[in-house]
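Those protein sequence lines, which keep their order, are chains A and B. Remember, this note's numbering sits 1360 above the position in the first sequence when you count from 1. Remember, this note's numbering sits 9 above the position in the second sequence when you count from 1. This report concerns only the one structure given below.
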Amino acid sequence: MSGTQEFERVLDGSDKNVASFESQDVSLLKRAQHFLHSTPAAVPLIVLILSIIIFGVAIGGRFFSSYTLTLILQQIAVVGILGAAQTLIILTAGIDLSIGVVMVISAVIMGNFAVTYGMPTGIAILVGLITGGACGFFNGFLVAVMRLPPFIVTLGSWNIIMATNFIYSANETIRDTDVDEKAPLLHLFALNFRIGSAILTLGVIAMVLLVAVLWYILNHTAWGRHVYAVGDDPEAAKLSGIQTRKVLLSVYTIAGVIAAFAAWVSIGRNGSISPSSAVTDFNLQAITATVIGGISLFGGRGSILGTLFGAMLVGVMSMGLNMLGADPQWKVMLTGWLIIAAVAIDQWIRKVSV
Amino acid sequence: MSVEPILTARGLVKRYGRVTALDNADFDLYPGEILAVIGDNGAGKSSLIKAISGAVRPDEGEITLEGRQVQFKSPLEARDAGIETVYQNLALSPALSIADNMFLGREIRKRGVLGQWFRMLDRPTMEKQARDKLTELGLMTIQNINQAVETLSGGQRQGVAVARAAAFGSKVIILDEPTAALGVKESRKVLELILDVRSRGIPIVLISHNMPHVFEVADRIHIHRLGRRLTVIDPKEYTMSDAVAFMTGAKAPAQPVAA
Chain A
1361 MSGTQEFERV
1371 LDGSDKNVAS
1381 FESQDVSLLK
1391 RAQHFLHSTP
1401 AAVPLIVLIL
1411 SIIIFGVAIG
1421 GRFFSSYTLT
1431 LILQQIAVVG
1441 ILGAAQTLII
1451 LTAGIDLSIG
1461 VVMVISAVIM
1471 GNFAVTYGMP
1481 TGIAILVGLI
1491 TGGACGFFNG
1501 FLVAVMRLPP
1511 FIVTLGSWNI
1521 IMATNFIYSA
1531 NETIRDTDVD
1541 EKAPLLHLFA
1551 LNFRIGSAIL
1561 TLGVIAMVLL
1571 VAVLWYILNH
1581 TAWGRHVYAV
1591 GDDPEAAKLS
1601 GIQTRKVLLS
1611 VYTIAGVIAA
1621 FAAWVSIGRN
1631 GSISPSSAVT
1641 DFNLQAITAT
1651 VIGGISLFGG
1661 RGSILGTLFG
1671 AMLVGVMSMG
1681 LNMLGADPQW
1691 KVMLTGWLII
1701 AAVAIDQWIR
1711 KVSV
Chain B
10 MSVEPILTAR
20 GLVKRYGRVT
30 ALDNADFDLY
40 PGEILAVIGD
50 NGAGKSSLIK
60 AISGAVRPDE
70 GEITLEGRQV
80 QFKSPLEARD
90 AGIETVYQNL
100 ALSPALSIAD
110 NMFLGREIRK
120 RGVLGQWFRM
130 LDRPTMEKQA
140 RDKLTELGLM
150 TIQNINQAVE
160 TLSGGQRQGV
170 AVARAAAFGS
180 KVIILDEPTA
190 ALGVKESRKV
200 LELILDVRSR
210 GIPIVLISHN
220 MPHVFEVADR
230 IHIHRLGRRL
240 TVIDPKEYTM
250 SDAVAFMTGA
260 KAPAQPVAA
């Protein structure tokens, strides 16, 4: 057996103790940084709780009522679900600008199949979900197989799907009463039940359940770990034997299906089905919730629970400022600052390893 | 030599446009040995290793593993065949934990309904195996198996990467510049790790620029020059200056291949 070399002999006398440091040396700030590094959903949760307290103090009991708080949940259900889909994509270091219009076209297709064509509602919903999945697969194929940048791909498909939506639907709205009459199942997620003054819709419950299921999948299945690994370092993931192409393709497709599911929930929330809602910036609202929720735009970091808190935070601010009678632009401005703050905090947390 | 080589390559050619990276290169690895591959920059070491580990497909030539001809289309196929590679960039996911990284791409699922229907990972088993492996290789300075790899030092990361290869590499382990980024103490750890892996009977291909390390652990040294194998020398019969002279073309070797 070969021996040690001359210059290494002194190693025998080297300190054999495992490195230990005085805990006083670690500042509170550093410890906070480490805590946030291992618990990425903590930041939006803390800010959420703080903002609820601030608005509660400013507005009083009216804000703290379970009616108001559950109303906020109802308002964010659709964006929360879209945010969950967006989270999957952003975790792979991608972005989906088309997610909002995928939702709208899926809603229009569900409505048309059920109401206009008179098909069984179950089949209409299935066709809608397949449409969403197909749009996602299209994006995923271009990103994963053709290796085009996600931003450009989804910028293109955003326009393509939006135009298809308007051409196909001739911009005709399907009325609330027609949906109720011919396809009440499409309004399923509007069903609600009261607990005291709290009103929970099935849509809210669906959002929470979806986030819970995705959280489980992302943290406790191999596929979930692969999503993180692909976003973290695609080259390393590939060399570790992960089929990055399949992971990306499945992520975009699933995001499309979730967007179509959000369509179903949105029909319950809005009552009518309007193709012109394609001009609403649902995609940006979903990205906002995701980013405020602490999901890193560089991929591989963040918890989907953060997205839920991020969506709630936007909802709380919107409601709070509304009740204070503030100009709606204040909400827009505050959201803007929150986005920048969230990205800055993300960068700071990342430095933990340096 | 009476023993058959476990991994051989004959007449490998790889061209990138007008550049010829491999020019009829040969390669032999015998069971239970540490074979160092050295060569000047641009000699084609990396291309040779990539061809063997499945990262690139040679234009010509054949590779045989245990007497059977193989053609790897991807590193995954080489890995499935029992060839583990520790790349210079380590191929670890920085944000994932040590345990997650060690089992990346070959996770263990829980038994029964939880694993089959809910696809739940068996975290306790994975963590235990990861900890056992690291302890076995003397990397106990890692305190928490669930800490993110990015919070580890360079040497610890190298240790995790080598431990992963050692845990799964059944036939051959390839190490690309394992000590390049390490300090004296950490290099020593990795060299001990290499000898430890060999003592379990797994042959190792070691690519390194560090002559003292190469001469210390290698059983044979494959010298690569101008895209082909110039010679294979026994480190006990030659000095480091000889090796450098062969490698740079300052001196011609006595015989083409010393087996």
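Virtual Cβ for every residue (Gly too), placed ideally from N, Cα, C. The structure presented is a predicted model; accordingly, all values stated were derived computationally and were not measured.
Contact with chain B by residue i, beta-carbon distance below 8 Å
i	result
A:G1582	A small correction: the amino acid at residue 1582 of chain A is Ala; Gly does not occupy that position in the sequence shown. Closer than 8 Å: yes.
A:L1698	no
A:S1600	yes
A:S1380	Unreliable positioning characterises A:S1380 in this predicted model, as indicated by a pLDDT of 47, which lies under 50. The coordinate reading is nonetheless provided below. By this cut-off, A:S1380 is not an interface position.
A:G1654	no
A:G1492	no
A:S1383	Note that A:S1383 has pLDDT 48, beneath the 50 cutoff, so the model's placement of it is unreliable and the number below is only indicative. A:S1383 does not count as touching chain B.
A:T1650	no
A:Y1588	yes
A:G1454	no
A:G1660	yes
A:R1507	no
A:A1596	yes
Whole-Å CB distance - residue i paired with residue j, under 8 Å assumed
i	j	result
A:G1556	A:A1453	Rounded, the Cβ-Cβ distance is 44 Å, inconsistent with contact.
B:R234	B:A108	At roughly 42 Å, the Cβ-Cβ gap does not stay under 8 Å, so B:R234 and B:A108 are not in contact.
A:L1609	A:F1501	7 Å
A:I1318	A:L1657	Lying outside 1361 to 1714, the shown extent of chain A, residue 1318 of chain A is not represented and no answer is given.
B:I43	B:D251	Actually they do not touch by this definition, with Cβ atoms about 19 Å apart.
A:A1437	A:G1563	4 Å
Residue i and residue j closer than 8 Å at C-beta
i	j	result
A:I1483	A:F1473	yes
B:V95	B:A170	yes
A:F1642	A:V1468	no
B:P103	A:D1593	yes
A:G1471	A:I1527	no
A:G1675	A:Q1446	no
B:L161	A:S1600	no
B:S62	B:I92	yes
A:F1549	A:V1487	no
A:Y1588	B:L99	no
B:P348	B:V206	Residue 348 of chain B lies beyond the stretch modelled for chain B, which goes from 10 to 268, so this question has no answer here.
A:V1464	A:P1635	yes
A:V1571	A:L1448	no
B:P212	B:Y39	yes
B:G236	B:A34	yes
A:T1695	A:G1670	no
Cutoff 6 Å; reference residue i; Cβ partners in own chain excluding five residues on either side
i	result
B:E71	R19, Q78
A:G1680	F1415
A:G1492	V1462, S1466, G1616, V1617, A1619, A1620
A:F1424	G1416
A:V1573	none
A:Q1645	V1439
B:E116	L130
A:L1457	T1514, L1515, W1518, N1643
B:E272	No answer is possible for residue 272 of chain B: it lies beyond the span of chain B, which begins at 10 and ends at 268.
Helix, strand or coil at residue i [DSSP, three-state]
i	result
B:D109	helix
A:F1658	coil
A:Q1446	helix
B:K23	strand
A:S1383	Caution applies to A:S1383, whose pLDDT of 48 falls short of 50 and renders its modelled position unreliable; the value that the coordinates give is listed next. A:S1383: helix per DSSP, three-state reduction.
A:F1532	It should be pointed out that residue 1532 of chain A corresponds to Glu in this sequence rather than to Phe. A:E1532: coil per DSSP, three-state reduction.
B:H218	coil
B:F81	coil
B:D141	helix
B:E69	strand
Same chain, Cβ closer than 7 Å to residue i, neighbours up to 5 away in sequence not counted
i	result
A:G1584	I1577, L1578
A:V1403	L1396, G1654, I1705
B:T257	D49
Test: residue i CB closer than 8 Å to a CB of chain A
i	result
B:M220	no
B:R128	yes
B:S102	yes
B:Y247	no
B:E116	yes
B:Y25	no
B:D109	yes
Chain E within 8 Å of residue i, Cβ atoms only
i	result
A:D1593	Absent from the structure: chain E. Protein chains present are A and B.
Own chain partners of residue i with C-beta closer than 8 Å, once the 5 adjacent residues on each side are dropped
i	result
A:G1478	K1542
A:A1558	S1426, Y1427, L1429, T1430
B:K59	V65
A:I1602	H1586, A1589, V1590
Residue i: CB within 7 Å of a non-hydrogen atom of the ligand NAP
i	result
A:L1389	Ligands displayed in this structure: none; no statement on the ligand NAP is therefore possible.
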